[in-house]
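Novice: Can you keep this structure in mind? I'll have questions shortly.
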Amino acid sequence: MEFWLTYGPYLCGVLGFLALLALLVSFLCTRRLQRLLNLQRQLAQQLDDPDFVSRLAALNEDYQETKKLLLELQKRQEELAEELRKCVRTPVLKRYNAFADVGGELSFSAALLDGKGDGFILTGLYGRREARMYAKEVKGGAPQVRLAKEEEEVLAAAKQGG
1 MEFWLTYGPY
11 LCGVLGFLAL
21 LALLVSFLCT
31 RRLQRLLNLQ
41 RQLAQQLDDP
51 DFVSRLAALN
61 EDYQETKKLL
71 LELQKRQEEL
81 AEELRKCVRT
91 PVLKRYNAFA
101 DVGGELSFSA
111 ALLDGKGDGF
121 ILTGLYGRRE
131 ARMYAKEVKG
141 GAPQVRLAKE
151 EEEVLAAAKQ
161 GG
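Below you can see the structure in the form of structure tokens.
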């Protein structure tokens, strides 16, 4: 008996709070249910309209066509991404003086690599009496022959993306 006299008011307060909380939750659920019922009534009225049904069927058909088109576009995007890996990405050009007696930076080295690091380095050396061109193959970012200092620089720049 003493327990109820001591803790009874607290217990009644907690139970009263829980009852108010339950009342609030039931009120919110009732409001939400009422909104859903209103939407259901509106939809039922529109479904009785034959024009609405035909519009809905047309929308579904458009959706299916759009879905098919999206799948085709995704496939084409993958094909283009694969093609892009095979294209020259970041051509790098360096001009320099290959010989001490020639100015104007007429000599050059150019690295042309695809997305896999395959390609070539083209070097043109210009002197007073002659001009020479060299093409050196690159596979997977590694040269197949020994490179000059300038060629190594353009290869490193091309591998870093320009």
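So for the sequence shown, UniProt numbering puts the first residue at 1; every next one is plus one.
C-beta: ideal position from N, C-alpha, C; glycine also.
No experiment lies behind these values; they were computed from the predicted model shown.
Any chance you could list the alpha helix (DSSP H) runs of at least 4 consecutive residues sitting entirely within the stretch 34-58, in chain order?
Specialist: You should have found no qualifying run.
Novice: So is residue 6 buried or exposed if we call it buried at 16+ other beta carbons inside 10 Å?
Specialist: That one is exposed.
Novice: Three-state secondary structure (DSSP) at residue 147?
Specialist: Residue state, collapsed to three classes: coil.
Novice: Under three-state DSSP, which class holds residue 65?
Specialist: Correct three-state label for residue 65: helix.
Novice: Quick one, which of 121, 13 and 51 has its alpha-carbon nearest residue 144's?
Specialist: Nearest option by C-alpha distance: 121.
Novice: Have a look at the DSSP bridge pairing and note the partners of residue 95.
Specialist: In DSSP, residue 95 forms a bridge with 108.
Novice: Of the choices 149, 15, 33 and 37, whose alpha-carbon is the least far from that of residue 98?
Specialist: Here the closest residue by C-alpha is 149.
Novice: Do residue 53 and residue 59 come within 8 Å of each other at the CB atom, strictly closer than that value?
Specialist: Against a cut-off of 8 Å, the Cβ pair of residue 53 and residue 59 comes out as no contact.
Novice: For residue 78, would you say it is in contact with chain C, using Cβ-to-Cβ distances shorter than 8 Å as the test?
Specialist: This model lacks chain C altogether; it includes just one protein chain.
Novice: Go to residue 138, then tell me how far its beta strand (DSSP E) extends in each direction, as first and last residue.
Specialist: Run containing residue 138: 131-139, per the beta strand (DSSP E) assignment.
Novice: Starting from residue 124, trace the beta strand (DSSP E) both ways and give me its first and last residue.
Specialist: From DSSP, the beta strand (DSSP E) with residue 124 extends over 119-126.
Novice: Got a sec? Which residues, its chain only, sit under 6 Å from residue 137 by beta carbon, not counting five neighbours each side?
Specialist: Around residue 137: 120 and 144.
Novice: Contact check, residue 102 vs residue 128 under 8 Å by CB: the rounded distance?
Specialist: Going by Cβ atoms, the distance from residue 102 to residue 128 rounds to 6 Å, so yes, they are a contact pair.
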